[in-house]
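Chemist: Position in the sequence shown (first residue = 1) + 657 = our numbering.
Using N, Cα and C, we set each Cβ at its ideal position, and we do this for glycine too.
Since the model is a prediction, treat every value here as computed from it, not as a measurement.
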Amino acid sequence: MAHKQIKYSDQELFLLIKNCQRNNFNYIYDSYSPLLYGLLVGAGLSKSYSCEILEQTFVNIWKNDTPICVSDKTFTNWIIKILLRSVREYLTSNDRKFKISFVKSGALSIEFLDV
658 MAHKQIKYSD
668 QELFLLIKNC
678 QRNNFNYIYD
688 SYSPLLYGLL
698 VGAGLSKSYS
708 CEILEQTFVN
718 IWKNDTPICV
728 SDKTFTNWII
738 KILLRSVREY
748 LTSNDRKFKI
758 SFVKSGALSI
768 EFLDV
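1. Please classify LEU770 as buried or exposed, where buried requires at least 16 neighbouring CB atoms within 10 angstroms.
2. Could you please give the first and the last residue of the uninterrupted beta strand (DSSP E) stretch that includes ILE757?
3. For SER762, count neighbouring C-beta atoms within 10 Å of its own C-beta (all shown protein chains included) and say buried if the count is 16 or more, exposed if not.
4. What's the C-alpha gap between LYS704 and GLN713?
5. Looking at C-alpha atoms only, which residue of GLY695, GLN678, LEU672 is the closest neighbour of ILE737?
6. Using CA coordinates, which residue listed in ILE710, PHE732, THR731 is at the minimum distance from LEU741?
7. Can you check whether the CB of ASN721 is closer than 8 Å to the CB of SER743?
8. If we call anything under 8 Å between Cβ atoms a contact, is LEU702 one with ILE767?
9. By DSSP's criteria, ILE718 is part of a beta bridge. Which residues make up the other side?
10. Would you tell me roughly how many angstroms separate the C-alpha atoms of LEU693 and PHE682, rounded to the nearest one?
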């Protein structure tokens with residue numbers, strides 16, 4: 658039997674995060690990890706780096722230490738902001754010099770400056 662995918666508004670997704678319940682977190686992970694992983698691999702990061710950064714991103718989401726700002730506008734913007742912070746933290750901790758940007762298509766671009 659196929660599971661019916663529940664659709665939440667951005668406001669409801671923010672509330673799911675605020676409630677810090679395991680089921681809510683699992684829903685967020687299942688719904689957004691493919692997008693975030695795709696951005697990382699699409700930016701040219703290795704699968705290993707991508708998996709580690711994705712894990713750290715969801716640890717940061719679970720810790721709920723990134724305030725939700727009106728400027729985030731959507732849940733997707735907010736979660737990508739956390740992903741970018743996780744990329745910076747991970748690459749900096751590995752002594753990598755890099756530049757992060759988005760290209761017109763919306764893809765993430767990570768240019769390594771130390772190669």
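Modeler: The answer reads as follows:
1. exposed
2. 755-759
3. SER762 should be labelled exposed.
4. 14 Å
5. GLY695
6. ILE710
7. No, Cβ-Cβ distance for SER743 and ASN721 is not below 8 Å.
8. yes
9. Paired residue(s): none; ILE718 is not in a bridge.
10. 15 Å
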